[in-house]
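S.K.:
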Amino acid sequence: MPRVPVFGAEQVVAAVAPAAAVEAVRDAFVRHARGEWTMPSKVYLDAPPDGDFRAMPAAGGGYAVLKWVTSFPRNPARALPTVSGVVLLSDAETGELRALLDAGAITALRTGAAAVLAAETLARPTLAPAAIIGCGVNGRAVAATFLARGREVLLWDARPNQAQLVAGELGEGTEVAADLADALASDVVVTVTPGREVLFHDGALHAGQHVSLMGADGPGKAEIAVEELGRAHVVCDEWEQASHNGDIARAVESGALTREGVAELGRILLGDEPGRSDEHEITVFDSTGLAVQDLGVALAVYQRFVDDESALPGVAEVELG
Ligand SMILES: NC(=O)c1ccc[n+]([C@@H]2O[C@H](COP(=O)([O-])OP(=O)(O)OC[C@H]3O[C@@H](n4cnc5c(N)ncnc54)[C@H](O)[C@@H]3O)[C@@H](O)[C@H]2O)c1
1 MPRVPVFGAE QVVAAVAPAA AVEAVRDAFV RHARGEWTMP SKVYLDAPPD GDFRAMPAAG
61 GGYAVLKWVT SFPRNPARAL PTVSGVVLLS DAETGELRAL LDAGAITALR TGAAAVLAAE
121 TLARPTLAPA AIIGCGVNGR AVAATFLARG REVLLWDARP NQAQLVAGEL GEGTEVAADL
181 ADALASDVVV TVTPGREVLF HDGALHAGQH VSLMGADGPG KAEIAVEELG RAHVVCDEWE
241 QASHNGDIAR AVESGALTRE GVAELGRILL GDEPGRSDEH EITVFDSTGL AVQDLGVALA
301 VYQRFVDDES ALPGVAEVEL G
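My numbering applies: residue 1 is where the sequence shown begins, and numbers increase by one.
#1: Run through the DSSP bridge pairs and tell me what V65 is partnered with.
#2: Less than 7 Å between C-beta atoms, sequence neighbours within five positions excluded: which residues of the same chain meet that for A28?
#3: Hey, G104 and V142 are a contact pair by Cβ (cut 8 Å); roughly how many whole angstroms apart?
#4: What would DSSP say about A99, mapped onto helix, strand or coil?
#5: Using the DSSP secondary-structure output, state which residues sit across from I132 in a beta bridge.
#6: For H210, does the three-state DSSP call read helix, strand or coil?
#7: Going by Cα to Cα distance, which pick from F53, D237, L66 is closest to G289?
#8: Give the secondary structure of F72 by DSSP, where H, G and I count as helix, E and B as strand, and everything else as coil.
#9: Would you kindly work out how many angstroms separate the C-alpha atoms of Q241 and G261, rounded to a whole number?
#10: Quick one: residues in its chain with C-beta nearer than 7 Å to the C-beta of R151, no 5 flanking neighbours on either side, listed in chain order?
#11: Using 8 Å for Cβ pairs, my map puts A298 next to D247. What's the rounded Cβ distance?
#12: Buried or exposed: which applies to P73, given that a residue is buried once 16 or more other Cβ atoms fall within 10 Å of its Cβ?
#13: Determine, using beta carbons only, whether Y302 and A99 come nearer to each other than 7 Å.
#14: Does the Cβ of G255 have 16 or more other Cβ atoms within 10 Å, making it buried, or fewer, making it exposed?
#15: Beta carbon of E317, beta carbon of R3: below 7 Å?
#16: Using the Cβ count rule (16 or more neighbours within 10 Å means buried), how would you classify A249?
#17: Under the rule that 16 or more other beta-carbon atoms within 10 Å means buried, what is N161, buried or exposed?
#18: Counting only runs of 4+ residues fully inside the region 215-255, write out the alpha helix (DSSP H) ranges in chain order.
#19: Report the residue ranges of all beta strand (DSSP E) runs contained in full by the region 7-63; include only those spanning at least 3 residues, in chain order.
#20: So, at 8 Å on beta carbons, what are the nonlocal neighbours of R267 in its own chain, with the 5 sequence-adjacent residues on each side left out?
#21: Which value, in whole angstroms, describes the spacing of the CA atoms of G195 and G218?
#22: I need the straight-line Cα distance from K221 to V252, nearest angstrom please.
#23: Following a CB-centred definition, is P76 positioned closer than 6 Å to any heavy atom of ligand 1?
#24: The alpha helix (DSSP H) spanning E260 covers which residue range?
#25: Anyone know if the C-beta pair for H210 and V188 falls short of 7 Å?
#26: Please classify G95: is it buried, with 16 or more other beta-carbons within 10 angstroms of its beta-carbon, or exposed?
#27: The alpha helix (DSSP H) with V142 in it runs from where to where?
#28: Check each candidate in L88, G275, W156 and name the one with the smallest Cα separation from V65.
#29: Can you tell me whether DSSP reads D307 as helix, strand or coil?
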């Protein structure tokens with residue numbers, strides 16, 4: 001029986017550093033925009049009232065991936081992660097399973113990478129600190145990725161002491177915001193909250209600002225008011241998915257935003273669509289999280305293992321037919 005390596009969170013983190021994840025995710029966005037990597041929209045399976053499951057397949061680079069992952073936003077109160085599950089990586093020529101990977105760790109790496117990639121692509125070309133609102137597992141990953149790319153971070157979380165805790169863990173280059181208004185006023189902002197409350201109300205965005213909206217990645221969630229989207233150059237990760245399940249879904253439903261009014265990050269990276277037009281423009285990135293991002297990072301982890309098994313101690317193996 002074939003033996004399949006199992007990469008726990010520790011091995012995923014050891015295999016791919018945040019800065020390398022940005023490059024893997026950039027490559028994934030570009031290959032998807034070129035049509036080389038393919039991906040149907042993710043399938044949501046509701047589990048009311050606590051959360052939902054998602055099935056996220058993608059194919060490319062000779063492999064196929066399926067991520068089975070959750071979003072259970074009340075879990076931290078039960079000392080459990082909001083996002084958890086497994087990524088299956090298979091050979092696209094023979095169908096053989098090649099690896100099992102911890103979905104929480106893959107998700108954090110690729111979510112941090114996408115938020116930072118969008119900011120680096122769309123924000124004004126300065127190294128102004130980035131404010132991160134919502135410093136749970138994925139907000140922390142965004143902060144770690146900005147730091148790895150040489151940008152300082154300002155942290156804010158609704159939970160008392162959570163921002164301080166993350167600042168203490170990440171160390172130099174981190175600061176805790178005085179309050180929410182202070183964080184929202186930064187030139188570069190990333191939101192990674194459960195999306196139950198709107199953070200950017202009517203008139204909140206300022207000229208030249210960039211915001212990466214990462215938290216509202218499913219039906220009924222929002223981190224920005226529909227009116228604010230009308231003031232910005234709106235960029236999504238992928239139209240089909242984001243127009244149904246992202247921050248832009250309500251604006252699309254009401255007719256305030258149309259397909260022509262929304263760019264895709266991969267097409268901007270390819271040079272097929274314009275990014276920021278000038279220093280006064282407001283740019284907003286709406287992320288719902290793409291399976292091709294997971295494929296890019298899962299491949300990077302697996303490749304590291306194939307190149308040098310000894311670099312990743314602790315990888316278990318299971319026999320699966
Ligand atoms: N776009 C993507 O690719 C992507 C990827 C992963 C997770 N997500 C989504 O991001 C969200 C966060 O995921 P997570 O795994 O980091 O969850 P988490 O529970 O670990 O962290 C969420 C944090 O947000 C804080 N928070 C809640 N409401 C807030 C508010 N109004 N202002 C400031 N902070 C607030 C909480 O205290 C908590 O620390 C979820 O909705 C999840 O579905 C999106």
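Glycine residues also receive a C-beta, built at the ideal position from the N, C-alpha and C atoms.
M.R.: In short, the structure shows the following:
#1: The residue labelled residue 65 in the question sits at position 65 within the sequence shown. Beta-bridge pairing links V65 to A58, L89.
#2: Taking the sequence shown and counting its residues from 1, one reaches residue 28 at position 28. Listed in chain order, the non-local C-beta contacts of A28 below 7 Å within the same chain comprise W37, V292, Q293, L295, G296, local neighbours out to five positions each way being set aside.
#3: Position 104 of the sequence shown, counted from the first residue, corresponds to residue 104. Position 142 of the sequence shown, counted from the first residue, corresponds to residue 142. The Cβ separation is near 15 Å, so there is no contact.
#4: As a working mapping, residue 99 is identified with position 99 in the sequence shown. Note: A99 maps to strand in three-state DSSP.
#5: Taking the first residue of the sequence shown as position 1, residue 132 is located at position 132. BP columns for I132 point to L155, V190.
#6: One-based indexing of the sequence shown puts residue 210 at position 210. The answer is strand: DSSP assigns H210 an E or B state.
#7: On the sequence shown, residue 289 is found 289 positions in, with the first residue counted as 1. When each option's Cα is compared against that of G289, the closest is D237.
#8: As a position in the sequence shown, residue 72 is number 72, starting the count at 1. In the three-state scheme derived from DSSP, where H, G and I count as helix and E and B as strand, F72 is classed as coil.
#9: What you label residue 241 is simply residue 241 of the sequence shown in a count that begins at 1. What you label residue 261 is simply residue 261 of the sequence shown in a count that begins at 1. The alpha-carbon atoms of Q241 and G261 are separated by roughly 16 Å.
#10: The sequence position of residue 151 within the sequence shown is 151, counting from 1. Excluding residues up to 5 positions away in sequence, L127, P129, A130 lie with their Cβ nearer than 7 Å to the Cβ of R151 in the same chain.
#11: On the sequence shown, residue 298 is found 298 positions in, with the first residue counted as 1. On the sequence shown, residue 247 is found 247 positions in, with the first residue counted as 1. Between D247 and A298 the Cβ distance is about 26 Å, and since that is not below 8 Å, they are no contact.
#12: As a first step, residue 73 must be located in the sequence shown, where it is residue number 73. By the 10 Å Cβ count, P73 comes out buried.
#13: Translated into positions along the sequence shown, residue 302 becomes position 302. Translated into positions along the sequence shown, residue 99 becomes position 99. In this structure, A99 lies closer than 7 Å to Y302 by Cβ.
#14: Walking along the sequence shown from the start, residue 255 turns up at place 255. It counts as exposed.
#15: Taking the sequence shown and counting its residues from 1, one reaches residue 317 at position 317. Taking the sequence shown and counting its residues from 1, one reaches residue 3 at position 3. In contact: E317 and R3 (Cβ atoms closer than 7 Å).
#16: By one-based count along the sequence shown, residue 249 stands at place 249. A249 comes out buried.
#17: Along the sequence shown, one-based indexing puts residue 161 at 161. Looking at its Cβ environment, which holds fewer than 16 other Cβ atoms inside 10 Å, N161 is exposed.
#18: Taking only runs of at least 4 residues, the alpha helix (DSSP H) segments lying wholly in the region 215-255 are 226-229, 239-245, 249-253.
#19: Those beta strand (DSSP E) runs which fall completely within the region 7-63 and span 3+ residues are 43-47, 51-60.
#20: Numbered from 1 along the sequence shown, position 267 holds the residue referred to as residue 267. Annotation for R267: A33, E273 place their beta carbon closer than 8 Å to its own, counting only its chain and skipping 5 residues before and after.
#21: Along the sequence shown, read from residue 1 onward, the residue named residue 195 stands at position 195. Along the sequence shown, read from residue 1 onward, the residue named residue 218 stands at position 218. The straight-line gap from Cα to Cα measures roughly 9 Å.
#22: Counting from 1 along the sequence shown, the entry for residue 221 is found at position 221. Counting from 1 along the sequence shown, the entry for residue 252 is found at position 252. For K221 and V252, the distance between alpha carbons rounds to 14 Å.
#23: Looking up residue 76 in the sequence shown gives position 76. Yes, since a heavy atom of ligand 1 falls inside the 6 Å radius drawn around the Cβ of P76.
#24: Along the sequence shown, one-based indexing puts residue 260 at 260. Under the DSSP assignment, E260 falls outside any alpha helix (DSSP H); it carries neither an H nor an E label.
#25: One-based indexing of the sequence shown puts residue 210 at position 210. One-based indexing of the sequence shown puts residue 188 at position 188. Judged by their CB atoms, H210 and V188 are nearer to each other than the 7 Å cut-off.
#26: Position 95 of the sequence shown holds residue 95. Exposed, since its Cβ has fewer than 16 Cβ neighbours within 10 Å.
#27: If you number the sequence shown from 1, residue 142 lands on position 142. Residues 137-148.
#28: For this step, residue 65 is matched to residue 65 along the sequence shown. Considering only alpha carbons, the answer is L88.
#29: Locating residue 307 in the sequence shown gives position 307, where the first residue counts as 1. Helix, per DSSP.
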